[in-house]
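Worksheet: one structure, shown below.
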Amino acid sequence: MAQTDMPLAELLIHLGRLAQQSLVLWDMPSNAHSRLINVSENATYLVEADGGYKAVLRIHREQYHTRRAIECELAWIAALKEARAVVTPDSYTGKNGEVIQEGRIDGLENPRFMVLFEHVEGTQPDEAGDLVGPFEELGEIAALTHEQSKVWQRPANFERLVWNVDTVFGDTPNWGNWRDAPNVTPDIAEVLEAVEARIRERLDAFGTSDDRYGLIHADMRLANLLTGPNGTRLIDFDDCGFGWFLYDFATGISFMEDDLRVPALKAAWIRGYEKVRPLSDPEKAEIDTFIMLRRMALLAWIGSHIEAPEPQAMASYFAQVTAELGADWLAETSPQRQGGSEHLAMAQKSGFS
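With the first letter of the sequence shown counted as 1, position 162 gets the number 162 in the UniProt record's numbering; the numbers rise by one all the way through.
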């Protein structure tokens, strides 16, 4: 989670102290207290006080976003709400007139950026339940954000992450090198090298025209969709940046790419998406490429975030399943169906197809 050698348990103790002592930076009840509710790129705290007061405090990871990048995230959230494209939580201005606060505490070498968000009442869709309806809604929400991002006049010096082949596989990838992830054996690496090569080849041909590539949420998991009495809200824009629009579907099935329901969820997402904007047949045909791009990014994420509980829980099997998915995808996209493929032959030799 952080660019530090400090054990996670120790880091969270310091961040918890920082969260509690920083509440005075905003206008809230004096008896407010914070409680950790999530650790991923950032540490997120539920803030509560007597009288039903609730808010959500996000303490940013070190060296992941600059202040300007966070300002740009918040600007897009505000623009989406103003355009009535989607409903998103508001952020609160601190006593000093700034939305982004900066806090220091003994035990942490560097200050941390912090943002306090409106607490949204609602529930996440149950991953074990029927997801067809939620994915159709997610597709419509994705299309609405994409339509807004195409016409929005972004502020000057707009700065956000980029999610493309170079930032997943290049020399300075956002989440590290997939080869450094746990349990990437030589056989697994051989398959995944072929997967990376095929992804590069296909997305280079797919291109980055304005109707396919732009500003995206980049983390449209069901965990970031809250349905409540005031409708459905999209939360957590921390990874938003520039990428292919179809990458947003791939992020929606993060960590469940091997689920047998994925084809039905993809069909539901497309139905919802096309209520707002059409998708061409070549775009639909490339969705599985974005699923593999995201899966490879997640494999790298597990390796670079192994101190956190979620990556630890998946470390034993994630590389193996990624190779199995990759071998199947290589077979499905193989030129052998039109006359030959060394990649498919290699995958079969490695025992993953």
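Here a beta-carbon is modelled for each residue, glycine too, at the ideal position from N, C-alpha and C.
At which residues does the alpha helix (DSSP H) containing residue i begin and terminate?
i: VAL262; result: 262-273
i: THR251; result: 247-252
i: VAL321; result: 318-332
i: ARG294; result: 287-304
i: HIS14; result: 8-22
i: ALA313; result: 309-314
i: residue 354; result: The structure shown has nothing for residue 354, since the chain only spans 1 to 353.
For residue i, which option in the options has the closest C-alpha, if you only look at C-alpha atoms?
i: GLY214; options: ARG295, ALA285, LEU161; result: LEU161
i: TYR300; options: VAL151, GLU201, TRP178, LEU265; result: Note on residue identity: the sequence assigns Ala, not Tyr, to residue 300. Minimum Cα distance to ALA300 is reached at TRP178.
i: ASN157; options: THR172, ILE70, GLY129; result: ILE70
i: ARG35; options: ILE141, ASP27, LEU46; result: LEU46
i: ILE216; options: ASP50, PHE242, VAL276, VAL195; result: PHE242
i: ALA75; options: ILE270, ILE100, GLY94; result: ILE100
i: GLY326; options: MET314, ARG295, GLY133; result: ARG295
i: ALA194; options: LEU330, GLY103, LYS266; result: LEU330
i: GLU102; options: GLY272, LEU15, GLN312, TRP244; result: LEU15
i: GLU109; options: LYS150, VAL151, GLN63, LYS284; result: GLN63
i: GLN153; options: ASN31, LYS275, ALA79, ALA250; result: ALA79
i: PRO111; options: ASP259, HIS60, VAL276, LYS275; result: HIS60
Who are residue i's beta bridge partners in DSSP?
i: ALA43; result: VAL39, ILE59
i: ALA49; result: TYR53
i: ASN112; result: The residue asked about is misnamed: residue 112 is Arg in this sequence, not Asn. Paired residue(s): GLY103.
i: PHE242; result: VAL162, LEU215
i: SER149; result: DSSP, once it has assigned bridges, lists no residue as partnering SER149.
i: SER91; result: PHE117
i: GLY228; result: GLY231
i: THR123; result: THR227
i: SER34; result: VAL47
Beta-carbon within less than 7 Å of residue i's beta-carbon, same chain only, minus the 5 sequence neighbours each way: which residues are those?
i: ILE188; result: ALA319, GLN320, ALA323
i: ILE77; result: THR88, PHE237
i: ASP239; result: LEU161, ALA218, ASP219
i: ARG68; result: ASN157, GLU159
i: GLU257; result: ILE291, ARG295, LEU325
i: GLY107; result: HIS14
i: LEU224; result: Rather than Leu, the amino acid found at residue 224 in this sequence is Asn. Counting only Cβ-Cβ distances below 7 Å, and skipping sequence neighbours, we find LEU234, ILE235, ASP236.
Got a sec, what are the start and stop residues for the beta strand (DSSP E) residue i sits in?
i: GLY103; result: 101-103
i: ARG198; result: From DSSP, ARG198 is part of no beta strand (DSSP E) but of the alpha helix (DSSP H) over 186-206.
i: LEU234; result: 231-234
Please list, in chain order, all residues of the same chain as residue i whose beta carbon is under 6 Å from its beta carbon, the five residues on each side excluded.
i: ALA9; result: none
i: HIS119; result: LYS54, ALA55, VAL56
i: LEU116; result: TRP26, ALA55, LEU57, TYR92
i: LEU344; result: Note that LEU344 scores a pLDDT of 46, beneath 50, so its modelled location is shaky; the value from the coordinates is reported in the next line. Same-chain partners within the cutoff: LEU330, ALA331, SER334, GLN336.
i: GLY176; result: ALA300, GLY303, SER304
i: GLN20; result: SER34
i: GLY139; result: TRP269, GLY272, TYR273
i: PHE169; result: GLU196
i: PRO155; result: ALA75
i: HIS146; result: PHE245
How close, in whole Å, do the beta carbons of residue i and residue j come, if the pair is a contact with beta carbons under 8 Å?
i: VAL39; j: ALA308; result: 6 Å
i: THR289; j: ILE141; result: Rounded, the Cβ-Cβ distance is 22 Å, inconsistent with contact.
i: VAL165; j: LEU131; result: With a Cβ gap of about 29 Å, VAL165 and LEU131 do not count as contacting.
i: ASP210; j: LYS150; result: 7 Å
i: LEU222; j: GLU127; result: 6 Å
i: GLU121; j: GLY228; result: 5 Å
If you drop the 5 nearest sequence neighbours on each side, which residues of the same chain put their C-beta closer than 8 Å to that of residue i?
i: SER316; result: PRO182, ASN183
i: TYR247; result: TRP163, ILE216, ALA218, PHE290, LEU293, ARG294
i: THR66; result: GLU159
i: GLU73; result: HIS65, ARG160, PHE237, ASP238, CYS240
Any heavy atom of the ligand PLP closer than 8 Å to the Cβ of residue i?
i: ALA55; result: With respect to the ligand PLP, the structure shown offers nothing to examine, as it has no ligands at all.
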